[in-house]
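Colleague:
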Amino acid sequence: MENNFEQLLATLQTSSSYNDGLYEIRDVLEKQNSELLSSFISQYYQSILILERWAWQFLSQNSHQWIEESNYLELFHTLALFNKNLVFNYDDIEADIKASLLIPETIDYINVIFERFDKINDENHPFISIVSLWYDNLSNFLHANPEFQMSSIIIHFNHYIVRNYVMTDQYKAYLNQLHQSPVPQSIFTTKQLFYIKTCSLLSCAYFFTKPEDSPYTPEELIHHFGPDYLQIILLHGHTVESWSAQLLTSQNGDFLWFLPSKISLPDTLLTILKISVSNKVRLCIYGILSEILCDKKAWRHPSKKVKQIPIFFLLKCKS
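Here our numbering is used: the first residue of the sequence shown is 17, the next is one more, and so on.
1. How long is the line joining the alpha carbons of I144 and S79, rounded to whole angstroms?
2. Write down the C-beta distance between L65 and L118 rounded to the nearest angstrom, noting that I regard them as a contact closer than 8 Å.
3. Using a Cβ-Cβ distance cut-off of 8 Å, determine whether A189 contacts chain D.
4. Excluding five sequence neighbours on each side, which residues of the same chain lie with their C-beta closer than 6 Å to the C-beta of N161?
5. Which value, in whole angstroms, describes the spacing of the CA atoms of S230 and H175?
6. By the three-class DSSP mapping on this structure, what secondary structure does I144 have?
7. Using only CA atoms, which one of V44, S76, A221, L305 lies nearest to D134?
8. For Y39, count neighbouring Cβ atoms within 10 angstroms of its own Cβ and tell me buried if that reaches 16, exposed if not.
9. Residues in the same chain with beta-carbon distance under 7 Å from G242, minus the five sequence neighbours each way, listed in chain order, please.
10. Using the Cβ count rule (16 or more neighbours within 10 Å means buried), how would you classify S216?
11. How would you call T122, buried or exposed, if buried means at least 16 neighbouring beta carbons within 10 angstroms?
12. Give me the Cα-Cα distance between H240 and F157, rounded to the nearest whole angstrom.
13. By DSSP, does M183 sit in helix, in strand, or in coil?
14. From E85 to I41, what distance separates their C-alpha atoms?
15. Looking only at C-alpha atoms, which of K290, G303, Y151, C300 sits nearest to C220?
16. Whose C-beta lies closer than 7 Å to the C-beta of L97 among residues of the same chain, with five residues either side of it excluded?
17. Just to confirm, is the Cβ distance from S197 to L246 under 8 Å?
18. Could you work out which residue in F173, S155, I136 is closest to N127 when comparing CA atoms only?
19. Please state whether the Cβ-Cβ distance between I177 and L218 is less than 8 Å.
20. Can you give the beta carbon distance from N140 to T205, rounded, assuming they're within the 8 Å contact cut?
21. Is L222 near Q165, with beta carbons less than 8 Å apart?
22. Return the CA-CA distance between N153 and L102, expressed in angstroms with no decimal places.
23. Looking at C-alpha atoms only, which residue of S167, Y181, I146, I248 is the closest neighbour of H195?
24. Helix, strand or coil: how does DSSP classify S230 here?
25. Identify whether P162 lies in helix, strand or coil by the three-state DSSP scheme.
26. Within the continuous alpha helix (DSSP H) that includes L217, where are the two ends?
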């Protein structure tokens, strides 16, 4: 079937109705998701590029009808996993190649997708789920390759995310939902996770580059959200073992967003370290401090108490 991959993609590009071909393309990608062969990307780069551009164009269509068809949904989910693997599992593929496949070729696609997104009232609409997968992969790529934050398309993208999603009453409302313990599973809608996880991670990747053209300064961000994030982290820090997958996702987005906006990160981590009773949280904080503190500062703690722990705990913490 891989021998026909180029022909399948060529037909996809020119056909308006191509149901059987979608399943065949999905099958090829599923096989690649299992094998993770870099040679596949090298050999079929142009065909993959056609598929990625087709996906962005399709997501920016005005019609929602395709979202109800299983063949399209299955292909988009499979392609999203392929893109995730592209970010994390292909170290021998050049970043420029990955960028060409993951970053849309025009701002117009992004603008239309946001316009469609903002018109959706259903908190669990499948379109939001698909868009979140695309933006999560883009966020992970930008975390690993911050040099691409300077792209005009990515700058526009980040500014829109910060202005229209992060610094909004809706984001604050979703954040306030986490100010309770235990957190009801019913609050974790697809749209809530888009705001709290996806937008937070995208903003984190953006602010880690210390952009000079940001519409907001780190000080403004920490003033606006700092107390909320700190309260949420401290509130749930002692119940890590009972976190649901959704709460873990939200906490990850919150904490990563909080880090680049915090002026004194070691002070923040030490505060959490003193309060948290969770060994997992404390171990992770020690792992972070070991990376950001010089040796002299690391040994200046008044107690200087040391506990012996197996080395694999530290390695697991950093993995």
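Here a beta-carbon is modelled for each residue, glycine too, at the ideal position from N, C-alpha and C.
All of these numbers come straight from a predicted model, not from anything done at the bench.
Modeller: Answer, in terms of the structure:
1. Within the sequence shown, residue 144 is the residue found at index 128, counting from 1. Within the sequence shown, residue 79 is the residue found at index 63, counting from 1. For I144 and S79, the distance between alpha carbons rounds to 14 Å.
2. Residue numbering aside, residue 65 sits at position 49 when the sequence shown is read from its first letter. Residue numbering aside, residue 118 sits at position 102 when the sequence shown is read from its first letter. Contact flag wrong, Cβ pair sits at about 11 Å.
3. Given the protein chain composition of this structure (a single chain), no chain D is represented.
4. Start at 1 with the first residue of the sequence shown, and residue 161 comes out as number 145. Excluding residues within five positions, the ones whose Cβ falls inside 6 Å are A111.
5. Taking the sequence shown and counting its residues from 1, the one referred to as residue 230 is at position 214. Taking the sequence shown and counting its residues from 1, the one referred to as residue 175 is at position 159. If I take the Cα positions, the gap works out to 7 Å.
6. Within the sequence shown, numbered from 1, the residue matching residue 144 stands at position 128. In the structure shown, I144 sits in a helix (DSSP, three-state: H, G or I).
7. As a working note, residue 134 is residue 118 in the sequence shown. For D134, the closest alpha carbon among the candidates V44, S76, A221, L305 is that of S76.
8. In the sequence shown, the residue the question calls residue 39 occupies position 23. Exposed, since its Cβ has fewer than 16 Cβ neighbours within 10 Å.
9. By one-based count along the sequence shown, residue 242 stands at place 226. Excluding positions up to five away in sequence, the list is empty.
10. Residue mapping note: residue 216 aligns to position 200 of the sequence shown, counting from 1. Under this definition S216 is a buried residue.
11. As a first step, residue 122 must be located in the sequence shown, where it is residue number 106. Burial call: exposed.
12. Translated into the one-based positions of the sequence shown, residue 240 becomes position 224. Translated into the one-based positions of the sequence shown, residue 157 becomes position 141. Approximately 27 Å between the Cα atoms of the pair.
13. Along the sequence shown, one-based indexing puts residue 183 at 167. Note: M183 maps to coil in three-state DSSP.
14. Along the sequence shown, one-based indexing puts residue 85 at 69. Along the sequence shown, one-based indexing puts residue 41 at 25. E85 and I41 have their C-alpha atoms roughly 16 Å apart.
15. Working through the sequence shown from its first residue, we reach residue 220 at position 204. When only C-alpha atoms are compared, the closest one is Y151.
16. Position 81 of the sequence shown, counted from the start, is the residue given in the question as residue 97. Excluding positions up to five away in sequence, the list reads N49.
17. Within the sequence shown, the letter at position 181 stands for residue 197. Within the sequence shown, the letter at position 230 stands for residue 246. In this structure, L246 does not lie closer than 8 Å to S197 by Cβ.
18. Taking the sequence shown and counting its residues from 1, the one referred to as residue 127 is at position 111. It is F173.
19. For the purposes of this step, residue 177 is identified with residue 161 of the sequence shown, where counting begins at 1. For the purposes of this step, residue 218 is identified with residue 202 of the sequence shown, where counting begins at 1. In this structure, L218 lies closer than 8 Å to I177 by Cβ.
20. For the purposes of this step, residue 140 is taken as residue 124 along the sequence shown, with counting starting at 1. For the purposes of this step, residue 205 is taken as residue 189 along the sequence shown, with counting starting at 1. The pair is a contact, with the Cβ atoms about 5 Å apart (cut-off 8 Å).
21. The residue labelled residue 222 in the question sits at position 206 within the sequence shown. The residue labelled residue 165 in the question sits at position 149 within the sequence shown. It should be noted that the sequence gives Tyr, not Leu, for residue 222. Less than 8 Å divides the Cβ of Y222 from the Cβ of Q165.
22. Residue numbering aside, residue 153 sits at position 137 when the sequence shown is read from its first letter. Residue numbering aside, residue 102 sits at position 86 when the sequence shown is read from its first letter. One C-alpha to the other measures close to 9 Å.
23. Here residue 195 refers to the residue found at position 179 of the sequence shown. When each option's Cα is compared against that of H195, the closest is I248.
24. Here residue 230 refers to the residue found at position 214 of the sequence shown. DSSP places S230 in coil when its eight states are reduced to three.
25. Sequence index remark: in the sequence shown, residue 162 carries index 146 (1-based). P162 falls in the helix class under three-state DSSP.
26. If you number the sequence shown from 1, residue 217 lands on position 201. Segment 216 to 223, the alpha helix (DSSP H) holding L217.
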